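Asks:
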Amino acid sequence: MAQPLHAVAGFAAHLRDHGFQVGIPEQQAMLEAAMRLPLADHARVESCWRAIVCANQDSWRRYPELFERYWYPKRARGSVRTSGMTRRSRSLPDVVRDLHQEMAQGGQKPGATSLGLADGAAGAGESENRNKAMGGASSADPLAKRDFGEWLQSDLQRLNQLAEEVARRVRMRLMRRREWVSRSQTVDLRRTLRNSLRYGGVPLAPAYRRARRELPKIYILVDVSRSMEMYAQLFLRVARAFCEVVEARAFVFHTRLMEITELLKKRTDRVQEKINAVTFGFGGGTRIATSVNDFVHAQARAALSGRSIVLVFSDGYDTDPPEELAASLSRIKGRGARVYWLHPSQRSHLSTALARSQHLVQGFIPAHNLESLEKIPGLVH
Amino acid sequence: MDVGKISEGLKRAGYIPDQGLASALWLAEALQRPLLLEGDAGVGKTSIAAAYAKMETRRLIRLQCYEGLDLQQAVYEWNYSRQLLEIQRSGAGKPSGDRAFDLFDRSFLLERPLLQAISSTQPVVLLIDEIDRADEAFEAFLLEVLADFQITVPELGTITASSIPMVVLTSNGTRELSDALRRRCLYHYVEYPTLSREIEIVKLRLPEAETRLVEEAVAFVHKLRREDLHKVPGIAESLDWVRALHKLDLRGLPDEPELILQTLGCMLKTKNDRWQVAAETVDKLLGGERVGVTTGVAAGLARA
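Chains as they are written, first to last, in the working numbering: chain U, 70 to 450; chain P, 68 to 371.
1) Does the segment 87-101 of chain P come into contact with the segment 169-181 of chain P, if we say contact requires no fewer than three beta-carbon pairs (one atom in each stretch) closer than 8 angstroms?
2) I need the straight-line Cα distance from Val430 (chain U) to Ser294 (chain U), nearest angstrom please.
3) Cys117 (chain U) touches chain P at which residues, Cβ-Cβ below 7 angstroms?
4) What are the residues in the segment 261-286 of chain U lying within 7 angstroms of chain P by C-beta distance?
5) Note down the Cα distance separating Ser128 (chain U) from Leu244 (chain P), rounded to an integer number of angstroms.
6) To the nearest angstrom, how far is it from the Cα of Leu328 (chain P) to the Cα of Thr348 (chain P)?
7) Going along the chain, which residues of the segment 366-379 of chain U sit with their C-beta nearer than 8 angstroms to a C-beta in chain P?
8) Kindly give me the distance between the Cβ atoms of Glu233 (chain U) and Val314 (chain U), rounded to whole angstroms, as I take these residues to be in contact under 8 angstroms.
9) Within the chosen definition, does the segment 255-268 of chain P reach the segment 209-229 of chain P through at least 3 CB pairs nearer than 8 angstroms?
10) Do you know offhand how far His289 (chain P)'s Cα is from Ala301 (chain U)'s?
11) The beta strand (DSSP E) spanning Thr225 (chain P) covers which residue range?
12) With a cut-off of 8 angstroms on the beta carbons, I'd call Ile357 (chain U) and Ala308 (chain U) a contact; round off their distance for me.
13) At a cut of 8 angstroms, does the segment 369-377 of chain U reach the segment 398-405 of chain U through at least three beta carbon pairs?
14) Could you tell me if the beta carbon of Asn146 (chain P) falls within a distance shorter than 8 angstroms of some heavy atom in the ligand COA?
15) Since Leu103 (chain P) and Leu236 (chain P) are thought to touch, with beta carbons under 8 angstroms apart, how far apart are those beta carbons, to the nearest angstrom?
16) If you measure from the beta carbon of Gln96 (chain U) to each beta carbon in chain P, is any gap under 9 angstroms?
17) Under three-state DSSP, which class holds Pro260 (chain P)?
18) Please report the straight-line C-alpha distance between Tyr147 (chain P) and Thr225 (chain P), rounded to a whole angstrom.
19) For His297 (chain P), return the contacting residues in chain U, with the cut-off set at a CB-CB distance below 8 angstroms.
20) Taking contact to mean at least 3 C-beta pairs separated by less than 8 angstroms, is the segment 304-318 of chain P in contact with the segment 262-282 of chain P?
21) Per DSSP, Trp249 (chain U) forms a beta bridge with which residues?
22) For a test of the three-state rule: what should DSSP assign to Met297 (chain U), helix, strand or coil?
23) Under 9 angstroms, Cβ to Cβ, is there at least one residue of chain U near Gly158 (chain P)?
24) Taking Cβ positions, are Ala280 (chain U) and Glu248 (chain U) nearer each other than 9 angstroms?
25) Sort U:Ala396, U:Ala436, U:Gln368 and U:Leu333 by Cα distance to Asp384 (chain U) and report the nearest one.
26) Within 9 angstroms (strictly less), CB to CB, does Leu442 (chain U) reach chain P?
27) Where does Ser207 (chain U) sit, in a helix, a strand or coil, going by DSSP?
28) Specify the secondary structure class of Thr388 (chain U) as computed by DSSP and reduced to three states.
29) Between the Cα of Ser229 (chain P) and the Cα atoms of P:Thr337, P:Thr330 and P:Ala184, which residue gives the shortest distance?
30) Would Gln139 (chain P) pass as an interface residue toward chain U - the criterion being a Cβ-Cβ separation below 9 angstroms?
31) Using a beta-carbon distance below 9 angstroms, is Glu222 (chain P) in contact with chain U?
32) In three-state terms, what does DSSP make of Glu294 (chain P)?
33) To the nearest angstrom, report how far apart Arg85 (chain U) and Leu135 (chain U) are at their CA atoms.
34) Could you compute how far the alpha carbon of Leu74 (chain U) sits from the alpha carbon of Glu101 (chain U)?
35) Assign Leu352 (chain P) to buried or exposed, taking buried as 16 or more other Cβ atoms, counted over all protein chains shown, within 10 Å of its Cβ.
36) Have a look at Leu311 (chain P) and Ala120 (chain P) and give me their C-alpha separation to the nearest angstrom.
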């Protein structure tokens, strides 16, 4: 009984470790889908589970690789094997077959399996996965040995103040659209007339409208390559402050780009572990242009507009051809957004890539320590 | 109904799905969960709901979302003018019929799309189009509808669905949707179709067009999508363009770029895009594999 449940719970834990939000309801739905599919159709389990566990484009794209890595580890190239660990073999067709057999024998409804899953199986899956993550995160993680615990409370408050100050500087912008309010100067005639219907045509409940104000959307891209090792910790702290205070979205990049907004918002000790997990597998040089490109086309997509500010924390050393960074940045500028480049040195050492795209960056801001960061609000406007 | 039959049924209804989409639709029906479709504009998200409704011969109820959409337009509204008339009639000593006079009777309720879908006795397909354009407050209201298929009208009580509708939500990603909404839905990301599938789609919709014309035109559109365009042409644009070329009595793509440039208005909808795709670009796209297709930028564009 427990084995197929353990396997599904283990897969759910594997997905959770990679930033997916897979809780008990999702696992129940996964089991139900597997049971409802005809046995001969077990190959469709992958696409059915994909519809259940994915919540956005990013997770949609990453799912096939994670599925393959979990259920067919032998097919995955370059995977890290953990020594000394023994584990029951996983076979998806077997799991689906076992579930069908259990349903046939026990006549149990799919949803009824939830308690066993919540209490025992999920825990077992997590412990199995935790061991695996420990084996994998050791060698390739650029942020390893970073201790987030050494920060003083006063430092953290300074970062939050910094984010608030930046938010104040960039100000609430007037929108073309208007919003309904209870009191304002402008009467909304259409809505007032509509409201008056219930009072027999007497306008007893006037409605008003006011111009809407919204904070600019702030996006933060943090370079976590080897060359930025010393500063990544500081920048991630800044990113967290922005995420919490002004609802910014934060991304890390090295050879590819990944969103970490939700991970940063969870103020637990496991944030570092999670960041390790999402940056695991990064290697080789920094591909800034490709990452920025991915940001524009996949992550920010239609949300990038004239009300957006993009803060890039990077030294600008790019292994993509130098002209490509300019092309990528011009796409951001093309959407009307402003780019500020925060470099971890007192003076901006322009790499070839950055020198070619200088005209596309609104401002270069030194950000080598906490003190220099305090100048940011004065420079962003 | 199994996945294969859904696939076949959608084809008959004029939509050619990939395996993932057919599975997602099957699952949404089996688990009675809403299906959230995301993808670029023009990839055919809305058509999926229409084709599904046609396949199942169900009524399609569409709610087009926009900023400022409120409950009165989406769920229900009391028919105030009828209520006033009723009050006047009762004041004149002429109560309508024998029944007790109640201003908040169901007969005074104007049902808007969401309530129509919930109160329908026959199963329907409810399409909530471009949910990202609606306000967050409306999105929060939807949670009750999507999770429990019920709507609460304060004056009447809770109305629960007599037959569970198939709910399809679409989003273009102009705003991040809340986690709460996402978790109540199954998810499918609709990509641009592969070359062969798009050729199949265009042939299905325009059977009168020459096969060579369809193949060449769709291949051209695929190359054009790799260009750095502000508004990438979708399937609807491909169909429009092939239709235009067919009206010009062409049996294949012409060699000279001028004729293509004249008709590119079917696909390029912004001034910048129009300016960017000049005669040389068309020539290059007609000429075969685009230069530099394997470099970082182009590869990134293809992925996007």
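Here a beta-carbon is modelled for each residue, glycine too, at the ideal position from N, C-alpha and C.
No experiment lies behind these values; they were computed from the predicted model shown.
Replies: According to the structure data:
1) no
2) When rounded, the separation of the alpha-carbon atoms in Val430 (chain U) and Ser294 (chain U) is 21 angstroms.
3) Ser90 and Leu94
4) Leu266, Arg267 and Gly269
5) The alpha-carbon atoms of Ser128 (chain U) and Leu244 (chain P) are separated by roughly 14 angstroms.
6) Their backbone Cα atoms lie some 10 angstroms apart in a straight line.
7) Taken in chain order, the members of the segment 366-379 of chain U whose beta-carbon sits within less than 8 angstroms of a beta-carbon on chain P are His366, Ala367, Arg370, Ala371 and Ala372.
8) 5 angstroms
9) Result no; under three Cβ-Cβ pairs closer than 8 angstroms.
10) 39 angstroms
11) Gly224 to Thr227
12) Not confirmed; about 17 angstroms, so no contact.
13) These segments touch.
14) Absent from the structure shown: the ligand COA. Ligands present: none.
15) 5 angstroms
16) no
17) It is coil, neither helix nor strand.
18) Distance from the CA of Tyr147 (chain P) to the CA of Thr225 (chain P), rounded to the nearest whole angstrom, comes to 21 angstroms.
19) Gly403
20) yes
21) Note: Trp249 (chain U) sits in a beta bridge opposite U:Arg278.
22) helix
23) no
24) yes
25) U:Ala436
26) no
27) Unreliable placement is indicated for Ser207 (chain U), whose pLDDT of 27 sits below 50; the coordinate value is still reported in the next sentence. Three-state DSSP puts Ser207 (chain U) in a helix.
28) coil
29) P:Ala184
30) Judged by the 9 angstroms Cβ criterion, Gln139 (chain P) is in contact with chain U.
31) no
32) coil
33) 11 angstroms
34) 11 angstroms
35) By the neighbour-count rule (16 or more Cβ atoms within 10 Å), Leu352 (chain P) is buried.
36) Rather than Leu, the amino acid found at residue 311 (chain P) in this sequence is Ala. Approximately 29 angstroms between the Cα atoms of the pair.
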